[in-house]
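Protein sequence lines, in the order shown, are assigned to chains A and B. When the letters of the first sequence are read in order and numbered with my numbering, they come out as residues 1 to 341. When the letters of the second sequence are read in order and numbered with my numbering, they come out as residues 342 to 682. Structure first, then comments.
2 protein chains.
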Amino acid sequence: MSSPVGLHRVVTPAGVLPQAAQRLDASGPIATDEVRITVERLNLDAASFHQLRSAHDGDGDAVRAAVLAIINERGKMQNPVTGSGGMLIGTVDEVGPDSPLGLKPGDRVATLVSLTLTPLQITDGLADWDGLSEQVPAKGWAVLFGRSIAAVLPDDLPAETALAVFDVCGAPALTDRIVRRYDSPTVAVLGGAGKSGSLSLAAAARAGARTVGIVPNERERQLLESAGIADHVALADARDPVALAEAVTAALGGPADVTVVCVDVPGCEHGAILATAEGGTVIFFSMATSFPAAALGAEGLAADVTMLIGNGYLPGHADFALEIFRAVPGVRELFAVRAAR
Amino acid sequence: MSSPVGLHRVVTPAGVLPQAAQRLDASGPIATDEVRITVERLNLDAASFHQLRSAHDGDGDAVRAAVLAIINERGKMQNPVTGSGGMLIGTVDEVGPDSPLGLKPGDRVATLVSLTLTPLQITDGLADWDGLSEQVPAKGWAVLFGRSIAAVLPDDLPAETALAVFDVCGAPALTDRIVRRYDSPTVAVLGGAGKSGSLSLAAAARAGARTVGIVPNERERQLLESAGIADHVALADARDPVALAEAVTAALGGPADVTVVCVDVPGCEHGAILATAEGGTVIFFSMATSFPAAALGAEGLAADVTMLIGNGYLPGHADFALEIFRAVPGVRELFAVRAAR
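Next comes the structure, spelled out in C-alpha cells:
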C-alpha cells in the first residue's frame, strides 16, 4: 500500500511526513503510483551548501564526503543543520501504472518538490563533483510519489533558464487565477522587475488587468519600463505604507483590486493592505512575510481584503510560466538581467 | 483634510501610519469623519501589563505613573517595550457628519482597533486605578477615524462576555464567507472547543456544513461533545500531520473542504494542509502560524489549497458573532468554561 504523500517510504520516525523524517527508504523498486528518475545533477540549496563549505573550511573533498554521508544515512539530501535540500535534474526511468504525474520514460525532468522529501540513492560516490559548487553531477536514482511535482525540461530553453522559471512558477499561476475573479481588474505588483514579479505582471496583463509595477530604485524603474510589461511603473519603498498606497493610487486611479507581493524584504504587509481596494486580494509570495503583521495590519486598518499565503503549487503552473516566458520578450529581458548579475 | 486611516493625527514621525507613530495628536475637536468617545475603561494588552508590572516590581503607583506617562507622551497607549496596546470601553460623545461607522451619541461601545493606533487623552490622572490589573478605570477621550472599528455593547450581555466574543469575532465571519462558496461543504475546525473555534464551528453549521471539531485531549472532547455544536468530535494532535489528516478523514469521510486553524500552537500548518481536500481552503487564525511553513508545506505536498491569513476584520463581524453567541447554547457553554478557568 503506497501513500500519495510518501508515508510508506518513511523509515524513522514512524508516522511522520517524508520531509520530517530522519530516514527514508530509497530502494529502487517503485510502487504503482511512483516514478523512478535516473539522476543527472543535484542543485543543492544555497544555504545548505554554504553551511557545508564553512563547516569544512572550503575543502571540496570533505564537502563531498559530507553530502554523501547525509544521503547514505538519510535516504534523502537534507542538510541536518540548515534543514534544507535543493532539487534535481534527471531522466524518467520507470513510471508506475497508477502515477498521476503524466511523465513517461525518457522525459528529462526537474523535480519541483524539495530534496528534503525525495528518496535518493547515489551510486557513483559523487566522483564527478569537486565539492566546490552547489551544482552536483551525480549518478543514482530518485523516487517521486503520487502527489509530487516534476516538470519536463523544454527543448527550446537552456536547463538553467527553465529552472529559473520553475523556481517562481507558482506566482504567475496564482496571480492568473485570482485576477480572473475580478471585473476590469487593476493589479499592483511589488517588485515588478524581479523574476516572480515580472511573470506575475505578464500573467495579470494576460488575464485582462491594468497593471502597475512597483520598483525600489531608478535602475529597476528603467529596466521595467524598457521591458514594457506593465501599464505603469512607479518608484516606491514597499515598506512605507503611505508612500506605497499613494504610488499605486496615482498610477491606477485608485487602490488595486489585487496586490502581489514579490519583494523579499520584511515589512511590506501594511503597505500591501493599504494599497488594496476593499474587497480586493493581497497575494503574499515573499518568504519575508510576517503572518501576525498581515493579520493585525488588516484589522488595524479595518481593511476587508482577502490575504493569501502564496502557494508555490497549482496544477499546470510550470507549463503556464514557460508559456508566458516564451511569449513575452520583456519577461525574458528581465530574467537575462537577473542572470547576468 | 482628514485621512480615513488617521494620517492627519500623526505628529511624529511624519508620513507613517498611526500604529507606527511615536506620537499622535489626541486633541479633542474631531474631523468630519471622526468619532469622539468618552472613555470609561481601558483594557491593557496582557503582555504590555505584565511587562510594566515586572519593570516596576509590582508597585501599582509606579505602574500607573508609567501608563500615564506613555499616554501623555505618545497621545496613545502603546507600550514602547512590547509595542502592544489593548482596547477600550466608552460612550460615544460626538459623531462627525461624514463618519461611516454608524454610531450615535450615547452608544456604549468597545473599540475593536488597537489602542496602539487610537488617539487618547486622559483627564483624571487614572486616579481610580490601583495599577494592579489590566482593567483601568479612566476618564478622558479617544478618537476613532473614518476607517476604524467599534462595536456597540449589547444590553443583554455583560460587557466582559461581549468583549470575549468581540475578541474573536473575525473567525466566524470569515468562516461563514468561505464555507458558503462550497456545495455540501465539510469543515474541520482545529481547536473546536475554544472561543474562536466554537464560534467557527457554529458558523460553519449555519452555513450548511457538516463539521468536525478537533480537540487535543479527553477533557476538551467531552466539553465539545456535550456542547453539541459539531457533527463529529475527534481527538488528535494538530501538530501531527498524519494523525490529524486521518482523524479528519475518518470523521468526514474524506479531507475537509475548509479547515479552520484556531489552535495557538506552532507547527499546525502541514497537518491543516494535509487534512484539506484539493481545491479546498485553509483559514489560519492562529497567530502562531508560520508563513514559510505554510507556503513551503503546500508546495511539498503538491496541495492545490487556498491558504488564507485570517483577517480579524469583516464588515458586520461583531454583530454576526453576537448573533451566533445568543442563538447557540453550546457556544455559550464553552465560553463560560473558558471564563471560569
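From the three backbone atoms N, C-alpha and C, an ideal C-beta is built for every residue, glycine too. Remember, it's a predicted structure, so these values are computed and weren't measured experimentally.
Just the C-alpha distance for Ala-388 of chain B and Asn-558 of chain B, rounded to the nearest angstrom, thanks.
Position 47 of the second sequence, counted from the start, is the residue given in the question as residue 388 of chain B. Position 217 of the second sequence, counted from the start, is the residue given in the question as residue 558 of chain B. Rounded to the nearest angstrom, the two C-alpha atoms are 27 Å apart.
Roughly how many angstroms separate the alpha carbons of Asp-57 of chain A and Leu-42 of chain A, rounded to a whole number?
Residue 57 of chain A sits at position 57 when you count from the first residue of the first sequence. Residue 42 of chain A sits at position 42 when you count from the first residue of the first sequence. One C-alpha to the other measures close to 22 Å.
Which residue comes first and which comes last in the alpha helix (DSSP H) that contains Pro-478 of chain B?
For the purposes of this step, residue 478 of chain B is taken as the residue at position 137 of the second sequence. Here Pro-478 of chain B belongs to no alpha helix (DSSP H); instead the beta strand (DSSP E) covers 476–478.
Based on Cα-Cα distance, which residue from B:Ala-639, B:Leu-649, B:Ala-643 lies nearest to Pro-292 of chain A?
Here residue 292 of chain A refers to the residue found at position 292 of the first sequence. Among B:Ala-639, B:Leu-649, B:Ala-643, the Cα nearest to that of Pro-292 of chain A is on B:Leu-649.
So, helix, strand or coil for Gly-431 of chain B, using DSSP?
Locating residue 431 of chain B in the second sequence gives position 90, where the first residue counts as 1. Residue state, collapsed to three classes: strand.
What are the partner residues of Trp-129 of chain A, as DSSP defines its beta bridges?
In the first sequence, the residue the question calls residue 129 of chain A occupies position 129. Per DSSP, none; premise fails for Trp-129 of chain A.
Have a look at A:Ala-62, A:Val-282, A:Cys-262 and flag the residue whose alpha-carbon is nearest the alpha-carbon of Gly-197 of chain A.
Taking the first residue of the first sequence as position 1, residue 197 of chain A is located at position 197. Taking only the C-alpha atoms, the option nearest Gly-197 of chain A is A:Cys-262.
Below 8 Å between beta carbons: does that hold for Ala-234 of chain A and Val-258 of chain A?
Taking the first sequence and counting its residues from 1, one reaches residue 234 of chain A at position 234. Taking the first sequence and counting its residues from 1, one reaches residue 258 of chain A at position 258. No, the Cβ-Cβ distance between Ala-234 of chain A and Val-258 of chain A is not below 8 Å.
Taking the alpha carbon of Ile-273 of chain A as the point to measure from, which residue in A:Leu-117, A:Ala-188, A:Ile-149 has its own alpha carbon closest?
The residue you call residue 273 of chain A lines up with position 273 of the first sequence. The option with the nearest alpha carbon to Ile-273 of chain A is A:Ala-188.
Contact criterion: CB-CB distance below 8 Å. Does Ala-423 of chain B meet it with respect to chain A?
What you label residue 423 of chain B is simply residue 82 of the second sequence in a count that begins at 1. Reading off the sequence shown, one finds Thr at residue 423 of chain B, where the question assumed Ala. Judged by the 8 Å Cβ criterion, Thr-423 of chain B is not in contact with chain A.
Where do the N-terminal and C-terminal ends of the beta strand (DSSP E) with Arg-449 of chain B fall, by residue?
Taking the first residue of the second sequence as 1, we reach residue 449 of chain B at position 108. Looking at the DSSP string, the run of the beta strand (DSSP E) that includes Arg-449 of chain B is 449–452.
Run down chain B in chain order and give the residues with a C-beta less than 7 Å from the C-beta of Ile-149 of chain A.
Position 149 of the first sequence holds residue 149 of chain A. The answer, in chain order, is Ala-643.
Measuring CB atoms only, is the stretch 463–476 of chain B touching the stretch 392–407 of chain B, in the sense that at least three cross pairs come out at less than 8 Å?
With the cut-off at 8 Å, the stretch 463–476 of chain B and the stretch 392–407 of chain B touch.
If you follow the alpha helix (DSSP H) that Glu-640 of chain B is part of, which residue opens it and which one closes it?
As a first step, residue 640 of chain B must be located in the second sequence, where it is residue number 299. Unbroken alpha helix (DSSP H) run through Glu-640 of chain B: 632–641.
Kindly indicate if chain A contains any beta-carbon less than 8 Å away from that of Val-450 of chain B.
Taking the first residue of the second sequence as position 1, residue 450 of chain B is located at position 109. So, not an interface residue.
Taking 8 Å as the CB-CB limit, is Val-346 of chain B close to chain A?
Position 5 of the second sequence holds residue 346 of chain B. Yes, Val-346 of chain B counts as interfacial toward chain A.
Since Gly-312 of chain A meets chain B, which of its residues come closer than 8 Å, beta carbon to beta carbon?
Translated into positions along the first sequence, residue 312 of chain A becomes position 312. Simply Ala-636, Leu-637, Ala-639, Glu-640.
Relative to the C-alpha of Ala-207 of chain A, which candidate in A:Val-215, A:Thr-175, A:Ile-214 has its C-alpha closest?
As a first step, residue 207 of chain A must be located in the first sequence, where it is residue number 207. Of A:Val-215, A:Thr-175, A:Ile-214, the residue nearest in Cα terms is A:Thr-175.
Is the stretch 107–121 of chain A in contact with the stretch 22–37 of chain A, if contact means three or more CB pairs nearer than 8 Å?
As far as the Cβ criterion goes, the stretch 107–121 of chain A touches the stretch 22–37 of chain A, which means the pair count is three or higher.
Under 8 Å between beta-carbons, which chain B residues line up against Pro-292 of chain A? List them in chain order, please.
Residue mapping note: residue 292 of chain A aligns to position 292 of the first sequence, counting from 1. What Pro-292 of chain A touches in chain B: Met-628.
Could you check the C-alpha separation between Phe-301 of chain A and Gly-316 of chain A for me, to the nearest Å?
For the purposes of this step, residue 301 of chain A is identified with residue 301 of the first sequence, where counting begins at 1. For the purposes of this step, residue 316 of chain A is identified with residue 316 of the first sequence, where counting begins at 1. The identity of residue 301 of chain A in the sequence shown is Leu, whereas the question assumes Phe. The alpha-carbon atoms of Leu-301 of chain A and Gly-316 of chain A are separated by roughly 36 Å.
May I ask you to list, following chain order, the residues of the stretch 578–589 of chain B that have a beta carbon less than 8 Å from some beta carbon of chain A?
From the stretch 578–589 of chain B, only Asp-581, Pro-582, Val-583, Ala-584 have a Cβ closer than 8 Å to chain A.
One question on the structure: do Val-484 of chain B and Arg-350 of chain B come within less than 8 Å of each other, judged by their Cβ atoms?
Locating residue 484 of chain B in the second sequence gives position 143, counting from the first residue. Locating residue 350 of chain B in the second sequence gives position 9, counting from the first residue. It is a contact, given that the beta carbons lie within the stated cut-off.
Report the rounded CA-to-CA distance for Ala-238 of chain A versus Leu-358 of chain B, giving the unit in angstroms.
Counting from 1 along the first sequence, the entry for residue 238 of chain A is found at position 238. Counting from 1 along the second sequence, the entry for residue 358 of chain B is found at position 17. Looking at the two C-alpha atoms, the distance is approximately 14 Å.
For Asp-59 of chain A, which residues in the same chain have their Cβ closer than 8 Å to its Cβ, ignoring the five residues on either side in sequence?
Along the first sequence, read from residue 1 onward, the residue named residue 59 of chain A stands at position 59. Excluding sequence neighbours, Asp-59 of chain A sits near Gly-131.
State the Cα-Cα distance for the pair Leu-504 of chain B and Gly-369 of chain B, rounded to the nearest angstrom.
Start at 1 with the first residue of the second sequence, and residue 504 of chain B comes out as number 163. Start at 1 with the first residue of the second sequence, and residue 369 of chain B comes out as number 28. Leu-504 of chain B and Gly-369 of chain B: Cα-Cα distance of roughly 26 Å.
Can you find a C-beta in chain A that's less than 8 Å from the C-beta of Pro-513 of chain B?
Within the second sequence, numbered from 1, the residue matching residue 513 of chain B stands at position 172. So no, Pro-513 of chain B is outside the interface.
Identify the continuous beta strand (DSSP E) that holds Leu-383 of chain B and give its terminal residues.
As a first step, residue 383 of chain B must be located in the second sequence, where it is residue number 42. Per DSSP, Leu-383 of chain B belongs to the beta strand (DSSP E) from 376–385.
Suppose contacts are defined by Cβ-Cβ distances below 8 Å. Is Val-113 of chain A in contact with Lys-104 of chain A by that definition?
Residue numbering aside, residue 113 of chain A sits at position 113 when the first sequence is read from its first letter. Residue numbering aside, residue 104 of chain A sits at position 104 when the first sequence is read from its first letter. Their beta carbons are not under 8 Å apart, which means Val-113 of chain A does not touch Lys-104 of chain A by this criterion.
8 Å is my cut-off, CB to CB: does His-8 of chain A come that close to chain C?
The chain labelled as chain C is not found among the protein chains of the depicted structure, namely A and B.
Beta carbon of Ala-636 of chain B, beta carbon of Val-646 of chain B: below 8 Å?
On the second sequence, residue 636 of chain B is found 295 positions in, with the first residue counted as 1. On the second sequence, residue 646 of chain B is found 305 positions in, with the first residue counted as 1. Their beta carbons are not under 8 Å apart, which means Ala-636 of chain B does not touch Val-646 of chain B by this criterion.
Of all the options A:Leu-223, A:Asp-319, A:Ala-55, A:Leu-68, which has the alpha carbon lying nearest to the alpha carbon of Glu-333 of chain A?
Taking the first sequence and counting its residues from 1, one reaches residue 333 of chain A at position 333. Considering only alpha carbons, the answer is A:Leu-223.
Starting from the beta carbon of Ser-455 of chain B, find every residue of chain A whose beta carbon is closer than 9 Å, and list them in chain order.
Along the second sequence, read from residue 1 onward, the residue named residue 455 of chain B stands at position 114. What Ser-455 of chain B touches in chain A: Leu-296, Glu-299, Gly-300.
Got a sec, what are the start and stop residues for the beta strand (DSSP E) Ile-463 of chain B sits in?
On the second sequence, position 122 is the one that residue 463 of chain B refers to. Per DSSP, Ile-463 of chain B belongs to the beta strand (DSSP E) from 461–463.
Residues of chain B with a CB under 9 Å from the CB of Thr-259 of chain A: which are they?
Taking the first residue of the first sequence as 1, we reach residue 259 of chain A at position 259. Within 9 Å Cβ-Cβ: nothing; Thr-259 of chain A doesn't reach chain B, min ~13 Å.
Suppose contacts are defined by Cβ-Cβ distances below 8 Å. Is Ala-659 of chain B in contact with Ala-492 of chain B by that definition?
On the second sequence, position 318 is the one that residue 659 of chain B refers to. On the second sequence, position 151 is the one that residue 492 of chain B refers to. Yes, they are a contact pair.
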